[in-house]
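Trainee:
In the working numbering, the protein residues as written are 140 to 892.
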């Protein structure tokens, strides 16, 4: 950076000294030469555009030198090119166009800026006469004429001065330099004059090519720097001028040469501060209509301000229902673009979601709050970026649904229930226990409002959980009607039959006869029941189970007291004739024999898989779950691991039951990793399908899946993955990343487009 040692000592004064000093020491010849060299020949970035100097590279630190150079008589001996630069730079300072009393209200640099502009106008004269007729001198006269129109604002000469400006501008046939045009558009004259300037410049463009990036930048930056944009009296006119500029963009416009990020951010800040969200969204639509590819250059803060300003617009003033619906549709359109462009980043998605959810909750009418919230969640999920739902957010959705049911008809209630089910189905972050517990307030409100007439709605919800939701999460053995509160509601709706009896657990919970375990003990202590005499917890729920204190299982004791008997095999309540319906059904399935579609072997239709080739029984949809303790796989009907004392946990790795084929051609059960045929001659081995080597399953690698570490057996010869573990990696329940957009998904939940 250049050090102005002698220059600073002799010339630079405080702003007060500069304003009040009557005469300053004239610059010496060598100092004047140094000053002119700094403006004209010293910097390559100041080379002229359109045969005139471009002052854009200068910082505001040069403003004292400009003013002092004018006061020292530099204008009398300088060329017209330097004069134009001095004049433009004097007017580019912030607050240069304020009136004297307005500048004094702000104080500080505003007063200095006002003095700089005033002295520039006095130095060049009211009409800029006295200079040779050059292009730069013509621009100086044009700027001075515009300054004279500003000084005549509020006087009787205002109309005549504005007429002079329009006439002077129309007399220029060649396009204005961009920095001159930007300066003229930033002058706070009448918006009609600014519209005339923009219209004349746009008409000078080639009809086929249209305006270039430089002209667009000059028009937009000049208009956004105009004080009229911050005035509610002139905002509509300024917005109309800017809309006219954007509407002249041709499809062949070189949008890559424009710095869109600072321009759009400045545009959105101005519109957001003026609470003009609808105008900003309309301008946004015009831009994308003219340049569809521009969406790749749109910054995230701009889109956030668009959504936020639309929310503010929807909350302000008295609006009709149609207007509120239109506002929400605009918010959805902008949010959809934002999620599609920036949803891959968790931080960006959260910032978008915060404003999006605020609009869904706060916009009137409040009766549509639940519908808007569900639409917002579904929008993000449908684009492949589902929002992470915590317990508080899920409870909020449930409250909205319970609140809205009161004013809905049966058909609308069915639609609301379907949207809620779609919500929990699309968001894997929703815990299945939250979903089960949410049925209690939802069905209670449905019963309160509609009674038994809504039994079909409740039946549809229950069937959806049993047939679709639980299998999609890899869950088995969960019976909704074992929950005591849900069971009473299902009995009210006549969806489930009345329980034969209710038994009391030692923890104080009351459960229906179909529940073999206490749900409260299962959630709190991972136990099956609590003794009512000594308070001991037990895991085994067999019918003949007796506590150490001699007390029987409370369910068995209550069944005996109620005159019912329990099946010793499965624990179900026996019928009046003494038979167990569940065991009878199982026996019938076992007696039914069918042919295996893979190998043709006859096997029971109740079997999980064929005993010969281990092909799965498709009617059972069998699954395997991986124990986190020993890393072995177990059948989905087992809650405890068959290889270690470990139990099945929520979020464990789940894979379909599928036989693996050894290199020797033998199909094997997926719960074993050694081949039956190869182990006859070499126990505990299998043949690699790639290199043919007998491997003893001693080599393995570890793969991290979220918070779980998956161990993969590899061949000792070629490091090929074991066929069983290869099937596990191909499981549709394992999360994976899309190669196109990077979104994490599972094949059973979300299809990535």
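For each residue, glycine too, the CB sits at the ideal point set by N, CA and C.
(1) Do residue 476 and residue 526 have their beta-carbon atoms positioned less than 8 Å apart in this structure?
(2) Take the Cβ of residue 876 as the centre, count every other Cβ of all protein chains shown within 10 Å, and call the residue buried at 16 or more, exposed below.
(3) Measure the C-alpha to C-alpha separation of residue 542 and residue 548 and round it to an integer number of angstroms.
(4) Terminal residues of the continuous alpha helix (DSSP H) containing residue 581?
(5) Can you check the segment 633 to 701 for any alpha helix (DSSP H) of at least 4 residues that lies completely inside it and give the ranges in chain order?
(6) Report yes if the CB atom of residue 667 is closer than 8 Å to the CB atom of residue 653, and no otherwise.
(7) For the alpha helix (DSSP H) containing residue 517, name the first residue and the last one.
(8) In the DSSP assignment, the alpha helix (DSSP H) including residue 352 goes from what residue to what residue?
(9) Identify which residue in 546, 584, 608 and 580 has its Cα closest to the Cα of residue 569.
(10) Is the segment 765 to 778 touching the segment 738 to 745, taking contact as three or more C-beta pairs under 8 Å?
(11) By DSSP, does residue 766 sit in helix, in strand, or in coil?
(12) Thinking just about the alpha-carbon of each residue, which of 584, 578, 626 and 591 is nearest to the one in residue 604?
(13) Tell me the start and end of each unbroken beta strand (DSSP E) in the segment 741 to 825 that is at least 3 residues and wholly inside, in chain order.
(14) Among 375, 824, 741 and 724, which has the Cα closest to the Cα of residue 732?
(15) Taking the Cβ atom as the reference point for each residue, do residue 327 and residue 376 lie within a distance shorter than 8 Å?
(16) Who are the Cβ neighbours of residue 781 in its own chain at under 6 Å, not counting the five residues just before and after it?
(17) Going by alpha carbons, who is nearest to residue 832 out of 856, 443 and 454?
(18) Tell me residue 611's beta-bridge partners as DSSP assigns them.
(19) Could you name the residues of the same chain whose beta carbon sits closer than 7 Å to that of residue 760, not counting the 5 residues immediately before and after it, in chain order?
(20) Could you give the distance in angstroms between the alpha-carbon of residue 490 and the alpha-carbon of residue 373?
(21) Tell me, please, whether the segment 690 to 702 touches the segment 668 to 679 by the rule of three or more beta-carbon pairs shorter than 8 Å.
(22) Take the Cβ of residue 531 as the centre, count every other Cβ of all protein chains shown within 10 Å, and call the residue buried at 16 or more, exposed below.
(23) Go to residue 342, then tell me how far its alpha helix (DSSP H) extends in each direction, as first and last residue.
(24) Which residues share a DSSP beta bridge with residue 734?
(25) Whose C-beta lies closer than 8 Å to the C-beta of residue 399 among residues of the same chain, with five residues either side of it excluded?
(26) Out of curiosity, what's the CA-to-CA distance linking residue 389 and residue 397?
(27) What is the DSSP secondary structure of residue 489, reduced to helix, strand or coil?
(28) Hey, how far is the Cα of residue 674 from the Cα of residue 722?
(29) Taking all protein chains shown into account, do 16 or more other C-beta atoms lie within 10 angstroms of the C-beta of residue 474, making it buried, or fewer, making it exposed?
(30) Are residue 385 and residue 426 close, meaning C-beta to C-beta below 8 Å?
(31) Counting along the chain, where does the alpha helix (DSSP H) carrying residue 375 start and finish?
(32) Mind the definition here: the segment 805 to 815 touches the segment 841 to 850 only if three or more C-beta pairs lie below 8 Å; say whether that holds.
(33) Does the Cβ of residue 582 have 16 or more other Cβ atoms within 10 Å, making it buried, or fewer, making it exposed?
(34) Can the beta-carbon of residue 522 be found less than 8 Å from the beta-carbon of residue 511?
(35) Which residues in the same chain as residue 500 place their Cβ atom closer than 7 Å to its Cβ, once the five residues preceding and following it in sequence are excluded?
(36) Within the continuous alpha helix (DSSP H) that includes residue 321, where are the two ends?
Mentor: This is what the structure holds:
(1) Working through the chain shown from its first residue, we reach residue 526 at position 387. Working through the chain shown from its first residue, we reach residue 476 at position 337. Judged by beta-carbon spacing, residue 476 lies beyond the 8 Å limit of residue 526, meaning their Cβ atoms are not closer than that value.
(2) Along the chain shown, one-based indexing puts residue 876 at 737. Around the C-beta of residue 876, fewer than 16 other C-beta atoms lie within 10 Å, and the residue is accordingly described as exposed.
(3) What you label residue 542 is simply residue 403 of the chain shown in a count that begins at 1. What you label residue 548 is simply residue 409 of the chain shown in a count that begins at 1. If you take the alpha carbons of residue 542 and residue 548, they lie about 13 Å apart.
(4) As a first step, residue 581 must be located in the chain shown, where it is residue number 442. Per DSSP, the unbroken alpha helix (DSSP H) holding residue 581 starts and ends at 571 to 589.
(5) The alpha helix (DSSP H) runs of length 4 or more contained entirely in the segment 633 to 701 are, from start to end of the chain, 658 to 663 and 693 to 701.
(6) Locating residue 667 in the chain shown gives position 528, counting from the first residue. Locating residue 653 in the chain shown gives position 514, counting from the first residue. Cβ atoms of residue 667 and residue 653: not closer than 8 Å.
(7) As a working mapping, residue 517 is identified with position 378 in the chain shown. From DSSP, the alpha helix (DSSP H) with residue 517 extends over 508 to 521.
(8) Mapped onto the chain shown, residue 352 falls at position 213. 352 to 363 is the extent of the alpha helix (DSSP H) around residue 352.
(9) Numbered from its first residue, the chain shown carries residue 569 at position 430. Nearest option by C-alpha distance: 608.
(10) They do not touch, by the three-pair rule.
(11) For the purposes of this step, residue 766 is taken as the residue at position 627 of the chain shown. Collapsing the DSSP output to three states places residue 766 in coil.
(12) Here residue 604 refers to the residue found at position 465 of the chain shown. Residue 578 is the option with its Cα nearest to residue 604.
(13) DSSP runs (the beta strand (DSSP E)) wholly in the segment 741 to 825: 741 to 743, 762 to 765, 772 to 774 and 793 to 795.
(14) Translated into the one-based positions of the chain shown, residue 732 becomes position 593. Checking every option, the nearest Cα to that of residue 732 belongs to 741.
(15) Taking the chain shown and counting its residues from 1, the one referred to as residue 327 is at position 188. Taking the chain shown and counting its residues from 1, the one referred to as residue 376 is at position 237. Residue 376 is positioned such that its CB atom lies no closer than 8 Å to that of residue 327.
(16) The count along the chain shown starts at 1 and reaches residue 781 at position 642. Apart from sequence neighbours up to five positions away, the residues of its chain that approach residue 781 with a beta-carbon distance below 6 Å are 773, ordered along the chain.
(17) Along the chain shown, read from residue 1 onward, the residue named residue 832 stands at position 693. It is 856 whose Cα lies nearest to the Cα of residue 832.
(18) As a working mapping, residue 611 is identified with position 472 in the chain shown. Residue pairing by DSSP places residue 611 opposite no residue, since no beta bridge is assigned to it.
(19) Position 621 of the chain shown, counting from 1, holds the residue named residue 760. Only 610 meet the Cβ criterion.
(20) Within the chain shown, the letter at position 351 stands for residue 490. Within the chain shown, the letter at position 234 stands for residue 373. Between the alpha carbons of residue 490 and residue 373 lies a distance of about 33 Å.
(21) Under the Cβ criterion (8 Å, minimum of three pairs), the segment 690 to 702 counts as touching the segment 668 to 679.
(22) Within the chain shown, numbered from 1, the residue matching residue 531 stands at position 392. Burial state of residue 531 is exposed, judged by a 10 Å Cβ sphere holding fewer than 16 other Cβ atoms.
(23) Taking the first residue of the chain shown as position 1, residue 342 is located at position 203. Secondary structure note for residue 342: its alpha helix (DSSP H) is the uninterrupted segment 330 to 342.
(24) For the purposes of this step, residue 734 is taken as residue 595 along the chain shown, with counting starting at 1. According to DSSP, which records beta bridges pairwise, residue 734 is partnered with 741.
(25) Counted from its first residue, the chain shown places residue 399 at position 260. 433, 436, 437 and 438, listed in sequence order.
(26) Start at 1 with the first residue of the chain shown, and residue 389 comes out as number 250. Start at 1 with the first residue of the chain shown, and residue 397 comes out as number 258. Looking at the two C-alpha atoms, the distance is approximately 14 Å.
(27) Against the chain shown, residue 489 aligns to sequence position 350. Three-state result, residue 489: helix.
(28) Counting from 1 along the chain shown, the entry for residue 674 is found at position 535. Counting from 1 along the chain shown, the entry for residue 722 is found at position 583. About 32 Å.
(29) The residue labelled residue 474 in the question sits at position 335 within the chain shown. By the beta-carbon neighbour count (other beta carbons within 10 angstroms, threshold 16), residue 474 is buried.
(30) Mapped onto the chain shown, residue 385 falls at position 246. Mapped onto the chain shown, residue 426 falls at position 287. With contacts defined as CB atoms closer than 8 Å, residue 385 and residue 426 qualify as a contacting pair.
(31) For the purposes of this step, residue 375 is taken as the residue at position 236 of the chain shown. Per DSSP, residue 375 belongs to the alpha helix (DSSP H) from 374 to 386.
(32) The segment 805 to 815 makes no contact with the segment 841 to 850, as fewer than three CB pairs between them are under 8 Å.
(33) Position 443 of the chain shown, counted from the start, is the residue given in the question as residue 582. Buried.
(34) Numbered from 1 along the chain shown, position 383 holds the residue referred to as residue 522. Numbered from 1 along the chain shown, position 372 holds the residue referred to as residue 511. Their beta carbons are not under 8 Å apart, which means residue 522 does not touch residue 511 by this criterion.
(35) Residue 500 sits at position 361 when you count from the first residue of the chain shown. Annotation for residue 500: 508 and 512 place their beta carbon closer than 7 Å to its own, counting only its chain and skipping 5 residues before and after.
(36) Mapped onto the chain shown, residue 321 falls at position 182. Segment 317 to 324, the alpha helix (DSSP H) holding residue 321.
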